[in-house]
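Following: one structure in structure tokens, then a few remarks.
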Amino acid sequence: MNQFQSEGKAKFQVGEAFYNPRGEIVRDLGVLAATVYKQEQGQLRVLEAMAGTGVRSLRYYLEAQADFVWVNEGNHQLNQLLSTNLDGSILESDYRLTHLDAHRVFFDCFNRRDYYDLVDVDCFGTASPYLSTMLWATKIGGLMYLTSTDGRTLAGRVPAKSLQAYGAYPRSHPALQEQALRLIIGSVAQQAGSKNLGIEPIWAYFAGETYRLMFRLLPQINLSASNYGFLGYCHNCGDYQVINWQQLGKASCSCDRPSLVISGAMWLGSLHNSEYLQAMQTLASQWQWQKVVKLLSTMIAEADLPPYFFTLQEIGKRGKLDLPPKVKIIAALQEQGFLASSSHINPEAIKTNANIHTCIAIAKELAQKIKQKS
Ligand SMILES: [Zn+2]
């Protein structure tokens, strides 16, 4: 007899399926977003395309009060396990279990004009084949929750592969994981644009080598030259710059050295929808999910900052200084009128609209003050 696992309100067996207990917080985020959606829209029909143990579907049903879940798992050998897991917790009339290729499921929805409020695509490996097809199954205004573990390609270690998968060329720099999230968002936005639709990221989250993004499908195109373009990084001075399509040929760094590398095209707009995250955070504090409340605070603060971060290590190394605490640098930047926050991606990094030279100058000043006091 298999042992039962529990997570949130779900009780389930794992058997031969893949289940990572450390992914609980990203499933918590999914449940919160789904709950906010249900409160907003009054209904919630979920399609889980790659179900594994079925834990996500169980949690959407039991915690986010989903009205119906279509649970699909490509591997037929998990049928018994999934049947057992779902039967115990979901009314028979409230779910459907299939074992089809995910693309077929998406096109079946389209064919029957049966669009879902939340489409969950929990990929192991690259998500790139699904970036366009998941759009076909999603209701306008609905949500799509995407997982990608395609780290090597996304981080720019094999840029030619990234070009094939995402239509974008990533170069190496210290804010790689944020760049990877932006490559995925950009690619989905472009796919939606080709269908006369738009998408916005509700959030884009990186942890544990995995990228998790929640999108909302919008009724009109929102991709434009101002939110879809390029990111420059100077290997000489460590500064970043956003480069739009018209400036591409003239791009150079203010330090005047030929050390600028350019990545893209990618999403340059907000990383998260802070209003939506605030609604999720209100729920999370009601439910006393303290860890999630804290994470959401960081994400809300960074949502609209420029598309990169400076690591403390770079500030310290380039300024040749003993680093003052991160919170003090952030506070000093804010006092001087800059926007500044932590990054959820790297706890040892700062997001700000100040350039690296300003960050170094401010950190130096702080370091001196600390030295004088001691
Ligand atoms: Zn430079």
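For the sequence shown, the working numbering assigns the number 704 to the initial residue and increments by one for each residue that follows. By construction, the Cβ of each residue, glycine as well, lies at the ideal position given by its N, Cα and C atoms. Nothing here was measured: the structure is a model prediction, and the numbers come from that model.
Roughly how many whole angstroms lie between the Cα atoms of residue i and residue j?
| i | j | result |
| --- | --- | --- |
| residue 822 | residue 754 | 11 Å |
| residue 983 | residue 764 | 17 Å |
| residue 704 | residue 780 | Any answer about residue 704 is weak, because its pLDDT of 48 lies below 50 and its placement is not dependable; what the coordinates show is given next. Answer to the nearest angstrom: the Cα atoms are 17 Å apart. |
| residue 825 | residue 736 | 16 Å |
| residue 1071 | residue 1001 | 28 Å |
| residue 769 | residue 1051 | 38 Å |
| residue 806 | residue 921 | 21 Å |
| residue 985 | residue 1053 | 26 Å |
| residue 852 | residue 1011 | 20 Å |
| residue 858 | residue 875 | 7 Å |
| residue 830 | residue 945 | 26 Å |
| residue 800 | residue 909 | 30 Å |
| residue 988 | residue 727 | 17 Å |
| residue 1057 | residue 840 | 42 Å |
| residue 867 | residue 884 | 16 Å |
| residue 955 | residue 802 | 52 Å |
| residue 723 | residue 795 | 27 Å |
| residue 899 | residue 843 | 12 Å |
| residue 1016 | residue 778 | 45 Å |
| residue 1028 | residue 782 | 52 Å |
| residue 815 | residue 832 | 22 Å |
Please list the terminal residues of the continuous beta strand (DSSP E) segment that includes residue i.
| i | result |
| --- | --- |
| residue 1055 | 1052 to 1055 |
| residue 966 | 963 to 970 |
| residue 1043 | 1043 to 1045 |
| residue 801 | 798 to 801 |
Check whether the Cβ atoms of residue i and residue j sit closer than 7 Å, and answer yes or no.
| i | j | result |
| --- | --- | --- |
| residue 901 | residue 931 | no |
| residue 968 | residue 947 | no |
| residue 926 | residue 896 | yes |
| residue 937 | residue 963 | yes |
| residue 1063 | residue 1032 | no |
| residue 1026 | residue 1055 | no |
| residue 820 | residue 845 | yes |
| residue 1005 | residue 957 | no |
| residue 774 | residue 710 | no |
| residue 789 | residue 718 | no |
| residue 771 | residue 811 | no |
| residue 748 | residue 713 | no |
| residue 973 | residue 1007 | yes |
| residue 915 | residue 734 | no |
| residue 877 | residue 862 | no |
| residue 980 | residue 1003 | yes |
| residue 942 | residue 1059 | yes |
| residue 837 | residue 809 | yes |
| residue 995 | residue 731 | yes |
| residue 834 | residue 894 | yes |
With 16 as the cutoff for other CB atoms within 10 Å, does residue i come out buried or exposed?
| i | result |
| --- | --- |
| residue 1038 | exposed |
| residue 1049 | buried |
| residue 767 | buried |
| residue 707 | exposed |
| residue 976 | buried |
| residue 978 | exposed |
| residue 680 | Here the chain covers residues 704 to 1077 and nothing more, so residue 680 does not appear. |
| residue 746 | exposed |
| residue 1073 | exposed |
| residue 1013 | buried |
| residue 904 | buried |
| residue 919 | buried |
| residue 751 | buried |
By the DSSP assignment, the alpha helix (DSSP H) with residue i in it spans what residues?
| i | result |
| --- | --- |
| residue 865 | 862 to 869 |
| residue 985 | 977 to 989 |
| residue 1001 | 993 to 1005 |
| residue 736 | 727 to 744 |
| residue 1012 | It is not in any alpha helix (DSSP H) - residue 1012 carries neither H nor E in the DSSP assignment. |
| residue 1060 | 1059 to 1076 |
| residue 756 | Element bounds for residue 756: n/a, residue is neither H nor E. |
Have a look at the DSSP bridge pairing and note the partners of residue i.
| i | result |
| --- | --- |
| residue 825 | 850 |
| residue 716 | 707 |
| residue 917 | 848 and 906 |
| residue 944 | 935 |
| residue 750 | 773 and 822 |
| residue 841 | 819 |
| residue 856 | According to DSSP, which records beta bridges pairwise, residue 856 is partnered with nothing at all. |
| residue 872 | 967 |
| residue 901 | 921 |
Hey, would you say the C-beta of residue i is under 6 Å away from at least one heavy atom of ligand 2?
| i | result |
| --- | --- |
| residue 939 | The model on display carries ligand 1 but not ligand 2. |
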